[in-house]
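Protein chains in written order, with the numbering used here: chain A, -2 to 316; chain B, -2 to 316; chain C, 432 to 772; chain D, 432 to 772.
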Ligand SMILES: Cc1ncc(C[n+]2csc(CCOP(=O)(O)OP(=O)(O)O)c2C)c(N)n1
Ligand SMILES: Cc1ncc(C[n+]2csc(CCOP(=O)(O)OP(=O)(O)O)c2C)c(N)n1
Ligand SMILES: [Mg+2]
Ligand SMILES: [Mg+2]
């Protein structure tokens, strides 16, 4: 699904729209569930950030590797994972991709789709991702690794170690920072000495790109360019997508610390609307209806699935 | 000992010369000892780098805090530690400042002179130093913390975590990178995507200064300015002093990896000569003779001192 | 505020109130910060938010942003910076959001905190407290739920507290802050909402190295910590009608460890079982078992048994997670079998 | 090249040569890299220099800079990067310059290597080997000399090797590289120069989880690892004329642990002593002691004893350092006292 060659732009945008709107419905369905039924674990809503997630991942090839972040399901769904195992993970069902092991919203994986997972300690993705890219370099498999992370995670030392090495070795990796302005209760502007995370790129001799994260196609294009660069052997790029954290850190967070207008349900510059604008109304309504029913059906199936059996506890410790 | 107000420049330079030449004699004496008698531990010679170490430390006030690096004794001696305990540490003697606990060349300390020590894992000084500076900020004690590190250590993630926080909090800390071009067998030019370590300073919103590390007074001046800035509450500065690793990583390292002309005994741009130029010959000879005998006497005293008793093993685990 | 009898609470005299474990920790922090202005705190989200688990609520308002500092996501700085700040004459009390994150600052904990004083010839003290929300809490997953206190016990130079009650949480934290040595303070997340009597006094300080007999008994000694103490006591109550009188001992600190109290108990009961949430293999249960048989081998009528967490990572699912740590039922069953040997 | 008898070396048949422990490791690396081109290495100074301890000499020349990669000073990348590279179908064998540095990459070791497979539902394997030069070596100090294998034993998900001879160093390393699970490979720095017979075959693979009887005996079982194996055997030879016939068992791997061989021995000798260089408290000796008394309590005629490293950081001075770890004399004295109980 790179930019060029490939399906024409309109088709790409329509597909991005379809995925974004599907995830939006998933977000709403999950929120409803968490509010009504409670939830074992932490659900970090990604509502409003789906556009950048789907836009970026849509620029990846099928066999490129993905390390996602904790904010929602957009990354994995965009990479082709079906909804049912994702919901299954969330609900601790046996049909989840991790069968109750990872779950929460935090961990899911799909080896066949090169969705490699996520570390529960922020910033561990940096070194993992650089290593995956080093393997691709060794194997000459032509794959690129894409690593998502938040503005908060950008402060971890693993960034520095991974980014220096990736740059010197010209590893095929693309770093995508979702800067939503907050790391839990910490404002980005109070935790960063520079205006942008991307301002740090020159220290690592790599391009730094700031892009409007509400503009899914802009993120798609920036990512496509960075992926091409990486695939050509020219090394990593740091992309910073500016976005907003609409809800609390986790669903249920009352955000006592938040002194900007708490956004609640309004999504400024909503990627769903933005992407939808150029799609004919009837087509869009068709996509929406299809997405909604897909979400309902998958969520229902996950709810109906049995919980993981206790025997799984002792499985997968060793190969 | 800041630049201004204080003793006039000529006196500062003479004092820097005295300390540099003393450490030079100490270097030669230690090398002789290691070659003839062997050595329990690793001696990382600092020969040729004494100028920058002494120059920088001479810009500190007595109650400023020092975290040094592993390359020689220049830092600690310049901060006022007498030679005998330093040699004692090296030789595992009871009169060493650590009584056989730290030793090697690696660890010595002098609480009364605010020589706080060094971590044996490279890069741990970064976070320690920033924390010490945070304490000064809290206590409003007006002290500045100076942290030395090598070009190799600059790759550690602790740098990133400490530097970001120090900048955001405007901590009174000065980072001094001794860039001698090598980290053990690793060439700096092959491990850094940027020409200078100081090129990374903008990522942290702090000034980055490159200075000729063989020019002790230039390092002194750059450090004095950075210290003043820190003391005024304007935050950290990154100073990179360009120098050369004259000998192996440790004394005895045969440097099979080294493909630049291995320097051996020749010290390009020798700080001793450079500092000595403007000092009248007879004065200089007097200083030299005094320094040489000071070294001989202190080394003799350390050699004659008893080894630390086994009972110290169980001391100092707990306060 | 109520006054309860010393017998009921195990606390000698004085006025007491029933408060939560979280509140007890919050009070200890506030009181020690009032007492000594060198005491300060840093960590993620401890200020404006009052901590992810709410432990530091209100402290920013009282003590201001220089003494209650929100850091970025930089665990090496939080711990290593605390070490450096201790050398400069302050007393930092830092929070990692989850005890598991000690692995993201392990060099700082196991090298800098544990060894700096020693390596530098005893010239410095290292009065740092690292607060570590520990244990399973209901779906936090493999990297947010571990009980890692044994590792801290193995590496010399660190004191280790594992409070199981509000009173101990408060008293041990105050002791930790007053201690010149580094302390890893493992708070159990599953206990944050548990309430219990806590002495009113500002000087309620529980000394390190003194075990608490949570329930006296004569037939079998059970050593348990943290969340397991209540389960062990519950098990004991279930066993009592069956003629098995269990003594439950909570060591409260693992370093120093009050082995004397445990050995004295075993010399009376002749049987020992250690219950812990941490993984079984090479957990601290092994150390206690080994020390007891070293010192009281001929007093033992049966092997020392362990009831422990599984030797697996912790699954995220809250039901599976509970299946990985000892339940009251398991303790009952094991105690019955051990008493029958 | 010489051919020695199987009886003398404990190795069944085949041609053998006497080579050093370092050389054995170097050969294992080279052979496995030849056998499987997915195997590659990274670490500091392993290429041009051939490693700080010379273990990787010649490998850069043979395998080139993409398979023998010098990294910057970035332990989190070395280990975490290896984890990521394993997910992409390669088999990374990485070196930390000193085992102590596992603390600078602890999140990567104890979380990423140990738990990634589990947390992600078993969809991936994690075939990574981390080589860890371990133990005292003569003046390297508190942060370059530790024996930290117990920590790896406590955290589920990591296999742990502790080779004591050139033959085991080679055979276990080959097994480690072929293992789909992450292995922490603790090489003892003090053994690098020790020589011993090693089978000639490219297929000399020592399976994990199988202990080696280093010296058979009937009166007392001593379990020892690493540098302590030779000291224990030397102690046994000193004790033999005094009528104390010591069996020395080297478990060779701690995860998995061949407890059966140890228990079987104790059932014959009725006495057990564990000797390790690691700090005593909560060291792996406690685990072995506890498992043995769990399984063979009534076979024991005396408590299980431990002779271990001190519960202190390690001083830098080489003489003081030796005083912190068990000497042959201490083992002899303890064994005599234990045999007399
Ligand atoms: C090493 C580490 N420290 C702290 C945390 C706890 N934590 C989880 S999410 C989070 C905030 C992350 O902020 P950011 O990276 O900006 O992502 P966002 O939640 O805004 O999407 C924190 C502090 C963690 N998981 N790992
Ligand atoms: C975390 C860590 N990794 C590796 C080492 C081993 N080591 C000691 S000195 C050194 C090279 C340091 O290079 P640099 O920082 O440039 O200082 P220089 O020796 O050149 O003065 C290395 C790799 C260490 N001590 N700590
Ligand atoms: Mg954010
Ligand atoms: Mg250098």
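Note that CB positions come from ideal geometry on N, CA and C, so glycine has one too.
Given the structure, does residue i come close to ligand 1, in the sense that its CB is under 7 Å from one of the ligand's heavy atoms?
i              : result
residue 508(D) : no
residue 245(A) : no
residue 693(D) : no
Using CA coordinates, which residue listed in the options is at the minimum distance from residue i?
i              : options                        : result
residue 133(B) : 689(C), 451(C), 521(C)         : 521(C)
residue 405(B) : 285(B), 199(B), 193(B)         : This structure does not reach residue 405(B), given that chain B is present from -2 up to 316, and the question cannot be answered.
residue 78(B)  : 54(B), 53(B), 110(B), 61(B)    : 110(B)
residue 465(C) : 764(C), 769(C), 490(C), 574(C) : 490(C)
residue 16(B)  : 272(B), 166(B), 252(B)         : 272(B)
residue 461(D) : 479(D), 446(D), 678(D), 492(D) : 492(D)
residue 316(B) : 699(C), 475(C), 559(C)         : 559(C)
residue 246(B) : 199(B), 179(B), 307(B)         : 179(B)
residue 566(D) : 760(D), 726(D), 755(D), 620(D) : 620(D)
residue 105(B) : 763(C), 552(C), 528(C)         : 552(C)
residue 160(A) : 203(A), 255(A), 291(A), 250(A) : 203(A)
Which two residues bound the contiguous alpha helix (DSSP H) that contains residue i?
i              : result
residue 85(B)  : 80 to 87
residue 490(C) : 490 to 494
residue 661(C) : 658 to 670
residue 549(C) : 545 to 550
residue 759(D) : 759 to 770
residue 268(A) : 268 to 273
residue 715(D) : 715 to 727
Rounded to whole angstroms, what's the CA-CA distance from residue i to residue j? Just pull it up for me.
i              : j              : result
residue 550(C) : residue 570(D) : 12 Å
residue 147(A) : residue 10(A)  : 25 Å
residue 455(C) : residue 543(C) : 29 Å
residue 153(B) : residue 564(C) : 27 Å
residue 776(C) : residue 265(B) : Nothing can be reported for residue 776(C): it is not among the residues displayed for chain C, which extend from 432 to 772.
residue 671(D) : residue 687(D) : 31 Å
residue 40(B)  : residue 548(C) : 22 Å
residue 650(D) : residue 702(D) : 7 Å
residue 644(D) : residue 445(D) : 20 Å
residue 52(A)  : residue 19(A)  : 13 Å
Using 8 Å for Cβ pairs, my map puts residue i next to residue j. What's the rounded Cβ distance?
i              : j              : result
residue 626(D) : residue 450(D) : 6 Å
residue 217(A) : residue 56(A)  : 5 Å
Considering only heavy atoms of ligand 6, does any lie closer than 7 Å to the CB of residue i?
i              : result
residue 122(A) : Only ligand 1, ligand 2, ligand 3 and ligand 4 can be found as ligands here, which leaves ligand 6 out of the picture.
With hydrogens ignored, establish whether the beta-carbon of residue i is closer than 7 Å to any heavy atom of ligand 4.
i              : result
residue 180(B) : yes
residue 457(D) : no
residue 242(B) : yes
Let's see if you can read the secondary structure: which residues bound the beta strand (DSSP E) around residue i?
i              : result
residue 590(D) : 590 to 592
residue 238(B) : 234 to 239
residue 572(D) : That residue, residue 572(D), is in no beta strand (DSSP E); it is neither H nor E in DSSP.
residue 473(C) : 470 to 474
residue 189(A) : Counting along the chain, residue 189(A) falls outside any beta strand (DSSP E), and DSSP gives it neither H nor E.
residue 710(D) : 703 to 710
residue 542(C) : Where residue 542(C) is concerned, there is no enclosing beta strand (DSSP E), given that its DSSP letter is neither H nor E.
residue 619(D) : 614 to 619
Is any heavy atom of ligand 2 found at a distance shorter than 7 Å from the C-beta of residue i?
i              : result
residue 66(B)  : yes
residue 528(D) : yes
At a cut-off of 7 Å, is residue i close to ligand 3 when judged by its beta-carbon and the heavy atoms of the ligand?
i              : result
residue 149(A) : yes
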